[in-house]
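Colleague: Quick note on our numbering: the sequence shown kicks off at 60 and runs consecutively. Glycine included, each C-beta is placed from N, C-alpha and C at the ideal position. Note that this is a predicted model, so its numbers are computed, not measured.
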Amino acid sequence: MHPAILRDADATNKLFEAILDTPGGRRSLSRLARTCKAFKEPVLDILWRDLDSLAPLIGLFPNTLLKRARRPGLGLAKNPERDDWNRLLAYGERVRSISYMESSGNISPTIFPILEELRPRQWLLPNLTSLTWKSETAAGLERCRLFLGPELRNITLEVGTKHPKLNDLLVEIASHARLSSLAFTLHTNLPDNFTDIFHNNLSLEKVCIAAPGALSARVGLWAAQLPKLRSFTVDLTGRTTTAVEGFFDDISPGSGASTPSSVGGTDSGVFSGDELDFSEIRKSAVRLTGDGPRHGAFAHLTHLQLSGETSNVATFLKHLTSPLTHLELLIDDPPASEDWQDVCGLVCEQFSYTLQVFRVSPTSASRFQELVRSTSRGGDTPVRHLPLTHLGPLPRLHRLDIDLPESVLFHESDIAHLANMCPSLEILRLSALARWPSTVGPPALTLEGLVPLMRQCRRLHTLAVVVNALDGSEGILSTREVSSRSLQRLHVGHSWIKDPLQTAILLSHVAPFLDNLKWFHEKNRAVVVEANALAWQKVSEFLPHLQNIRLAERRQQPQPQVYVPPPTAEKAVDATVITVDQGILAKPQLVESEVQAEVEFADASVQMAPEVESVSVDATPVLVDTGILVVPTFAERAVDARPETEEKAIDMRGTPPLETTSRPGNIAGVVPSVLSYLPSPATGLVSLTFRVARFYTFPFRYMYSFMPSLSKSADALQAETEPKSPVPGEQEEDLAEKHENGNALSPSQETAVSPVGL
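(1) Of the residues ALA523, ASN583, HIS553, which one's Cα is nearest the Cα of ASN575?
(2) I'd like to check one pair, ALA528 with ILE486: are the Cβ atoms closer than 7 Å?
(3) For PRO452, which residues from the same chain have a beta carbon less than 6 Å from its beta carbon, with the 5 sequence-adjacent residues on both sides left out?
(4) If I measure Cβ to Cβ from ILE117 and keep anything under 7 Å in the same chain, skipping five residues before and after, which residues do I get?
(5) Leaving out five residues on either side along the sequence, give the residues of the same chain with a beta carbon under 8 Å from the beta carbon of ALA149.
(6) For ILE268, does the three-state DSSP call read helix, strand or coil?
(7) When you compare the CB positions of PRO469 and LEU489, do they come within less than 7 Å of one another, or not?
(8) Which word fits VAL623, buried or exposed, when buried means at least 16 other C-beta atoms lie within 10 angstroms of its C-beta?
(9) Which ranges would you report for the beta strand (DSSP E) in the segment 205 to 231 if only whole runs of at least 3 residues count?
(10) Under three-state DSSP, which class holds LYS193?
(11) Tell me which same chain residues have a C-beta within less than 7 Å of the C-beta of ALA475, skipping the five on either side of it?
(12) Should GLU76 go down as buried or exposed, given a rule of 16 or more other Cβ atoms within 10 Å for buried?
(13) For ILE535 and LEU506, what's the separation of their Cα atoms in angstroms?
(14) Indicate the three-state DSSP secondary structure (helix, strand or coil) for SER158 in the structure shown.
(15) Does the contact criterion of 3 or more C-beta pairs under 8 Å hold for the segment 297 to 307 versus the segment 271 to 280?
(16) Tell me which residue opens and which closes the beta strand (DSSP E) that GLU387 is part of.
(17) Can you have a look at SER542 and say buried or exposed, based on whether 16 or more other CB atoms are within 10 angstroms of its CB?
(18) How big is the Cα-Cα spacing for GLU145 and LEU459?
(19) What is the DSSP secondary structure of ILE486, reduced to helix, strand or coil?
(20) If you follow the alpha helix (DSSP H) that PHE601 is part of, which residue opens it and which one closes it?
(21) Short of 7 Å in beta carbon distance, which residues of its chain neighbour ARG212, apart from the five on each side in sequence? Order them along the chain.
(22) Once DSSP output is grouped into helix, strand and coil, what is the label at TRP281?
(23) Beta-carbon separation of THR413 and THR380 under 7 Å?
(24) Locate the alpha helix (DSSP H) running through THR301, then write down its first and last residues.
(25) With a 10 Å radius around its C-beta and 16 neighbouring C-beta atoms as the bar for buried, classify ASP67 as buried or exposed.
(26) When the Cα of HIS520 is compared with those of LEU228, GLN618, ALA570, PRO382, which residue comes out closest?
(27) For the alpha helix (DSSP H) that contains VAL551, what are its first and last residues?
(28) Under 8 Å Cβ to Cβ from ILE166, same chain only, skipping five residues before and after it: list those, please.
(29) Could you tell me the alpha carbon to alpha carbon distance between GLU217 and LYS96, rounded to whole angstroms?
(30) In whole angstroms, what is the alpha-carbon distance linking THR562 and THR361?
(31) Using 8 Å for Cβ pairs, my map puts GLU195 next to GLY219. What's the rounded Cβ distance?
(32) Drop a sphere of 10 angstroms on the beta-carbon of ALA92, count the other beta-carbons inside from all chains shown, and report buried for 16 or more, exposed for fewer.
(33) Going by DSSP in three states, ALA68 sits in which element: helix, strand or coil?
(34) Give the straight-line distance between the Cα atoms of LEU504 and SER554, rounded to the nearest whole angstrom.
(35) From which residue to which residue does the beta strand (DSSP E) around GLY367 run?
(36) Determine the direct distance from the alpha carbon of TRP107 to that of ALA70, and round the result to whole angstroms.
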């Protein structure tokens, strides 16, 4: 029958690999190779393909050369001859992966000089593709050169101290042009020329760097420029937020979508400010089609592993928009509530439609603290709640592993929320290794609280969680919708249990096809509660019989119709069509806006012209009227003064002074003017002289009347329009005003007044 089995080599290898993964698989394959010659070669290839030590290779030397045959790692008693290498060279061609740890001490250092000096050919393992080398000393690191063969693809290098020839070793590793995986751990500072050494290794698909200086901007730029990078691992332990931000300083995120036809762009092609916002529609289209541009760093990254404080992890995730499918976080336990909420929000916001595997594990420091507490002096481990209600929709997530030493408490609300957000779950592990001592109390999560997972996660086949197995309620046992056809493996760990029979009945109802039930007992765990272990043993004995009865009863009932939801991929076609239609309908709006703007500017310029012309016309006639009114006023005053002067002069010589009437405001009894005593011809001469002077000065006075620079008061202007006359009566009015002010004139002052009023 072996020709039928060996007809397909791939099917045969998968069969042998499945046997290898079972308990005692290597022993089973070894027996199979010794039993059947047809299976010998493919089985030997699988058994020698991956080695975790050099001891099996050294054991291929004849027993006469070994110091101790059962412990070949102790070294050789004498040097091997040429024929003694035949078995090692033959089986060495089957080796594809090998590991070496200097700290384990299972290999004597004296073996390496013999392998290097007496080897019959250059490479003992010519087909080696993966090498893991962990050394604490410079001499141990130098020995890895024996295995740097031409077919090397993956290398994991861990150095305890800085080797003086470390740069030369890195240059030799970088010379392998087909190197696809590089994991480098260094406890001292990263070499300054690290990025220059591996600058030409563009075929790298997996990079892991854990060393001081790994978060520098030059390392970030080098990693971001690797075109085939798919997996990236970086250690953020003990780093500040500024250092994490500095990792992305030199990385250019790109411009993203820049055309209206881009699915992820925001430009609709319309230059109007009244356009509708299609950003939400475009985001939904990107989620459905997956055609949106990647604006952040590492655009093609699918696997990411981060270790360190939760705040640093959140800072690192803010810069990523990669289509991650696998995300593994090694965080300090317990995480801060705000930081854990930020991490959950970022994971669900940026990787919700691509993430498939999500693991949360403790860092090495947290594991060490748990190891200290597990001793007799450490006391019980504190139990803390890790809320899962911060998670958003993860429709493609099929595996969720959470394994933290302290954050092991989950409530039924967390399970219900997780079932709604992750309907495609296939494997779920929630701190199944956690211990629940009697001082802490029973777990808050009951077996009935897992019902939402059975109802909504129809692909769930592996579940590991610690519960408190109480009796099932009548409502659950009478509902067939909570029964899961996919759940096959259940690991309850240190779960508490009350009644084994009732628990078996409830399990047979919610998981009728369960075929693997595991729990912790004294054979696989040192500290267990014996009562719980015995109760779960009884459940495993009752469960198969109850399942058979349950399935037999259900076969007699009509099978319910299973609703298969339509595939969501059909919505992607509709989203693309909507984007194209919006761009076409927006073009006619541009023409109407331009025509309306031109009419408004013409009306404003016409209204400003008449206001300037009306102001200049009104100012001219004001100056002309003032000059014309001056001349007739002087002529009338000169003619009226002559007869009055002659009559008053004749009456005053022989008679007492006459009482004359004066205008209102003059004082009575004022002394007459001196001109009244002059003869009539003299008065006429004075009047004539005054008139001649007025006549010749008329042109000047006429010109001065038009000059605006003469600053005169209102009283002075009135005096020019009404000039003083040589008539004595007006001087008397002036004297009367002085008397009213209290200044009396003496007779001598009265006679000294000049008779001519010029």
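Modeller: Quick look at the numbers:
(1) Relative to the Cα of ASN575, the nearest Cα in the group ALA523, ASN583, HIS553 belongs to ALA523.
(2) Contact flag unset, no.
(3) Non-local beta-carbon contacts of PRO452 in its own chain, meaning distances under 6 Å to residues more than five positions away in sequence, involve SER411, MET480 in chain order.
(4) Result list for ILE117: PRO131, GLY132, ILE170, in chain order.
(5) Excluding residues within five positions, none has a Cβ falling inside 8 Å.
(6) In the structure shown, ILE268 sits in a strand (DSSP, three-state: E or B).
(7) Looking at the sequence provided, one finds Phe at residue 469 rather than Pro. PHE469 places its beta carbon less than 7 Å from that of LEU489.
(8) In this structure VAL623 is exposed. Its beta-carbon is surrounded by fewer than 16 other beta-carbon atoms within 10 angstroms.
(9) Taken in chain order, the unbroken stretches of beta strand (DSSP E) that lie wholly in the segment 205 to 231 and span 3 residues or more are 213 to 218.
(10) It is a strand residue.
(11) Answer for ALA475: PRO511, listed in chain order.
(12) By the neighbour-count rule (16 or more Cβ atoms within 10 Å), GLU76 is not buried but exposed.
(13) For the pair ILE535 and LEU506, the Cα-to-Cα distance works out to about 11 Å.
(14) Looking at SER158 - three-state DSSP - the assignment turns out to be strand.
(15) The segment 271 to 280 and the segment 297 to 307 touch, with three or more beta-carbon pairs separated by less than 8 Å.
(16) Where GLU387 is concerned, the enclosing beta strand (DSSP E) stretches over 385 to 390.
(17) By the 10 Å Cβ count, SER542 comes out buried.
(18) It should be noted that the sequence gives Asn, not Glu, for residue 145. So the alpha carbons of these two residues sit roughly 48 Å apart.
(19) In the displayed model, ILE486 falls within a strand according to three-state DSSP.
(20) Where PHE601 is concerned, the enclosing alpha helix (DSSP H) starts and stops at 589 to 614.
(21) Sequence-distant Cβ neighbours of ARG212 in its own chain, meaning closer than 7 Å and more than five residues away, are THR188, SER189, ARG237, LEU238, SER239, SER240.
(22) Look at TRP281 here: in three-state DSSP terms it is helix.
(23) THR413 is not a Cβ neighbour of THR380, given a cutoff of 7 Å.
(24) Where THR301 is concerned, the enclosing alpha helix (DSSP H) starts and stops at 300 to 305.
(25) Exposed, since its Cβ has fewer than 16 Cβ neighbours within 10 Å.
(26) Out of LEU228, GLN618, ALA570, PRO382, ALA570 has the C-alpha closest to the C-alpha of HIS520.
(27) In the DSSP assignment, VAL551 falls outside any alpha helix (DSSP H) and carries neither an H nor an E.
(28) Within the same chain, ILE166 has close Cβ partners SER112, LEU113, ALA114, ILE117, GLY132, TYR159.
(29) Near 41 Å, if we compare the C-alpha coordinates of LYS96 and GLU217.
(30) Looking at the two C-alpha atoms, the distance is approximately 41 Å.
(31) Contact between GLU195 and GLY219 is confirmed by a C-beta separation of about 4 Å, below the 8 Å threshold.
(32) ALA92 is buried by the Cβ-count criterion.
(33) ALA68: helix per DSSP, three-state reduction.
(34) Answer to the nearest angstrom: the Cα atoms are 10 Å apart.
(35) Segment 362 to 367, the beta strand (DSSP E) holding GLY367.
(36) Taking the straight line from one Cα to the other gives about 19 Å.
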